[in-house]
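Asks: With my numbering applied, the sequence shown corresponds to residues 215 to 734, in that order.
Glycine residues also receive a C-beta, built at the ideal position from the N, C-alpha and C atoms.
Since this is a predicted model, take the numbers as computed values, not measurements.
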Amino acid sequence: MPALAPMPTKVRNLVIVLGDQLDAESSAFDGFDATQDVVWMAEVAEESTHVWSAKQRTAVFLSAMRHFAHDLRARGLPLHYTALDDANNPGTLAGALQQAIATLQPAGLVLTAPGDWRVLHSLRAVATQQQLPLDLRDDTHFFSTVREFAAHAQGRKQLRLEYWYRALRQKHGILMEGKAPVGGQWNFDADNRESFGKAGPQNVPPPTRFAPDAITQDVITLVNTRFASHPGTLHSFGWPVTRVQALQALQAFITQRLPLFGKYEDAMWAGEAWLYHSHLSCALNLKLLNPREVVQAAEDAHRAGHAPLAAAEGFIRQILGWREYVRGIYWTQMPSYLERNALDAQADLPAWYWTGETDMACLEDAIGQTLEHGYAHHIQRLMVTGLYALLLGVRPQAVHQWYLGVYVDAVEWVELPNTLGMGQFGDGGLMASKPYVASGKYIQRMSNHCQGCRFDPAQSTGPQACPFTTLYWDFLIRHEALLKPNARMAMQLKNLARLDAPARDAIQQQAAQHRQGQGV
Numbered sequence: 215m216p217a218l219a220p221m222p223t224k225v226r227n228l229v230i231v232l233g234d235q236l237d238a239e240s241s242a243f244d245g246f247d248a249t250q251d252v253v254w255m256a257e258v259a260e261e262s263t264h265v266w267s268a269k270q271r272t273a274v275f276l277s278a279m280r281h282f283a284h285d286l287r288a289r290g291l292p293l294h295y296t297a298l299d300d301a302n303n304p305g306t307l308a309g310a311l312q313q314a315i316a317t318l319q320p321a322g323l324v325l326t327a328p329g330d331w332r333v334l335h336s337l338r339a340v341a342t343q344q345q346l347p348l349d350l351r352d353d354t355h356f357f358s359t360v361r362e363f364a365a366h367a368q369g370r371k372q373l374r375l376e377y378w379y380r381a382l383r384q385k386h387g388i389l390m391e392g393k394a395p396v397g398g399q400w401n402f403d404a405d406n407r408e409s410f411g412k413a414g415p416q417n418v419p420p421p422t423r424f425a426p427d428a429i430t431q432d433v434i435t436l437v438n439t440r441f442a443s444h445p446g447t448l449h450s451f452g453w454p455v456t457r458v459q460a461l462q463a464l465q466a467f468i469t470q471r472l473p474l475f476g477k478y479e480d481a482m483w484a485g486e487a488w489l490y491h492s493h494l495s496c497a498l499n500l501k502l503l504n505p506r507e508v509v510q511a512a513e514d515a516h517r518a519g520h521a522p523l524a525a526a527e528g529f530i531r532q533i534l535g536w537r538e539y540v541r542g543i544y545w546t547q548m549p550s551y552l553e554r555n556a557l558d559a560q561a562d563l564p565a566w567y568w569t570g571e572t573d574m575a576c577l578e579d580a581i582g583q584t585l586e587h588g589y590a591h592h593i594q595r596l597m598v599t600g601l602y603a604l605l606l607g608v609r610p611q612a613v614h615q616w617y618l619g620v621y622v623d624a625v626e627w628v629e630l631p632n633t634l635g636m637g638q639f640g641d642g643g644l645m646a647s648k649p650y651v652a653s654g655k656y657i658q659r660m661s662n663h664c665q666g667c668r669f670d671p672a673q674s675t676g677p678q679a680c681p682f683t684t685l686y687w688d689f690l691i692r693h694e695a696l697l698k699p700n701a702r703m704a705m706q707l708k709n710l711a712r713l714d715a716p717a718r719d720a721i722q723q724q725a726a727q728h729r730q731g732q733g734v
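#1: May I ask you to list the residues that DSSP assigns as paired with residue 395?
#2: Taking only three categories from DSSP, how would you classify residue 734?
#3: Give me the Cβ distance between residue 311 and residue 340, rounded to the nearest whole Å; I'm assuming they're in contact under 8 Å.
#4: What does DSSP give as the partner residue(s) for residue 325 in the beta ladder?
#5: Tell me, please, whether the stretch 581-588 touches the stretch 646-655 by the rule of three or more beta-carbon pairs shorter than 8 Å.
#6: Can you tell me which of the three DSSP states residue 645 falls into?
#7: Should residue 522 go down as buried or exposed, given a rule of 16 or more other Cβ atoms within 10 Å for buried?
#8: Quick test of the definition: if touching needs 3 or more C-beta pairs under 8 Å, does the stretch 680-693 touch the stretch 394-414?
#9: With 16 other CB atoms within 10 Å as the buried threshold, where does residue 605 fall?
#10: Let me know the secondary structure DSSP gives residue 670 once reduced to three states.
#11: Below 6 Å CB to CB, which residues in the same chain sit around residue 456 once its five sequence neighbours on both sides are set aside?
#12: Expressed to the nearest angstrom, what Euclidean distance is found between the alpha-carbon atoms of residue 547 and residue 220?
#13: Excluding sequence positions up to five away, which residues of its chain have a Cβ less than 8 Å from the Cβ of residue 483?
#14: Count the other CB atoms within 10 Å of the CB of residue 245; is the residue buried (16 or more) or exposed (fewer)?
#15: Please confirm whether residue 418 has its beta-carbon closer than 8 Å to some beta-carbon of chain C.
#16: Determine the burial state of residue 375: buried for a count of at least 16 other Cβ atoms within 10 Å of its Cβ, exposed for fewer.
#17: What residue does the alpha helix (DSSP H) around residue 274 start on, and which one ends it?
#18: Mind checking whether residue 657 and residue 705 have CB atoms under 8 Å apart?
#19: Count the other CB atoms within 10 Å of the CB of residue 369; is the residue buried (16 or more) or exposed (fewer)?
#20: Spell out a yes or no on whether the stretch 430-450 and the stretch 465-485 are touching, meaning 3 or more CB-CB pairs, one atom from each, closer than 8 Å.
#21: In angstroms with no decimal places, state the Cα-to-Cα distance between residue 529 and residue 465.
#22: Under the DSSP definition of a beta bridge, which residues are partnered with residue 294?
#23: List the endpoints of the continuous alpha helix (DSSP H) containing residue 709.
#24: Assuming residue 499 is part of the alpha helix (DSSP H), what are its boundary residues?
#25: Note down, in chain order, each residue of its chain lying with its Cβ closer than 6 Å to the Cβ of residue 271, except the 5 sequence neighbours on either side.
#26: Quick check on residue 337: buried or exposed, where buried means 16 or more other Cβ atoms within 10 Å of its Cβ?
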């Protein structure tokens, strides 16, 4: 353990570093003077209990925080650090900050804008209560600012990712040839999204995982003790928790997975958690990686002939496009966004979302790997766990709390719009042009889950009916009037119109029976 740097006798600024701000180049450190300023970090139970956080999520935050604190001490920066198991830990960020202010008597507070509305307002309240100035700084981790997104959104009847993405591509010169996109088009989705076929995935590179060091082992012990009743396990923990590890994970993805990322980005296969995805979202959201270096690495790989354009563009769109887009949605729409429920969905989340104990093979697989690793790729989230909740009619806030609690990359600015908006259509189409609904036939086409499942995705009624298929038609029946003005739903509603009244009644009866069986 590095020696502790001496605390200044008179503290100018208490520089707040949150658990998802582990970036030595963060704007909070601009102008930092070790003779006058002190870094403040705190581990508090509130961050694992305001939603019921799984062990993998809690462990990755605590381990990454402790490694970052270790690096700060090694650099000789004064640090006031509250550990979760400290005897006087008050359990909340606000309480821990008030304690530090009472001890250090700073003249002011410095904070890079948080990724969570709740945290921002909690810390602002402390500053106001303590009558201290709060220097709130832009998060320079991102390609854009919230102000830029707000200006882009002003006056538009609809917000759509594609136009924001193109604007950022042009502004930053990414995958561009002059003023034109490389390859002559902006989007190569038509070349992506294949399934694996009957043979399944072949020669998939092993995931880049890191054996827990002494710091992480201490965290694992702490989490298993302090949060023993929380979901998930830590026996497979291997996430990057340092800047060095995150860079190694980035290089491994670019070298081993990026060339086939686009082709198989939507494919699923039973028992295969990792496939060709990057597994970098956790490191990005902790700020161990900068999105600029991630995007640059993918673009360089394409220009060097290592990765096809469709793969590089598809991956870059997730970082430069979608990630920036959901952040803009979050900060321009909060706090009211959290309460939206355009479909008036009122069902509870099934209890088996916390155990994975279900007869539906795709859900059993996706939830099982989520609880084991704190990870599932975007199609498992959108078109398996998210789709089922949407079709069942679960309250979007309950779905949001589950996603925020179980995934290691879940910080509210990115998770809430993805879940409530994209996954559950709770915002009524603000961020996504239609509800992403499909029958079990989609899952059959994109995976092998249906082969080992007792349900038949071709059937909507009867003992073998796939719940996804039953609930899909039930969803369209229930929301037909609301969806009719949406041009992108025209084909699905046209298919619905082919069902006569007896067929509709049978589907709705089957859906009602299924709901009763789920305890919702």
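Replies: Reading off the structure:
#1: 390
#2: With a pLDDT of 46 at residue 734, under the threshold of 50, the modelled position of that residue is not reliable, and the figure given next carries that caveat. In the structure shown, residue 734 sits in coil (DSSP, three-state: anything other than H, G, I, E or B).
#3: 5 Å
#4: 230, 350
#5: no
#6: coil
#7: buried
#8: no
#9: buried
#10: strand
#11: 281
#12: 43 Å
#13: 410, 414, 415, 489, 661, 662
#14: exposed
#15: Protein chain content of the structure displayed is limited to a single chain, and chain C is not contained in it.
#16: buried
#17: 269-288
#18: no
#19: exposed
#20: no
#21: 14 Å
#22: 254
#23: 704-711
#24: 495-500
#25: 588, 622
#26: buried
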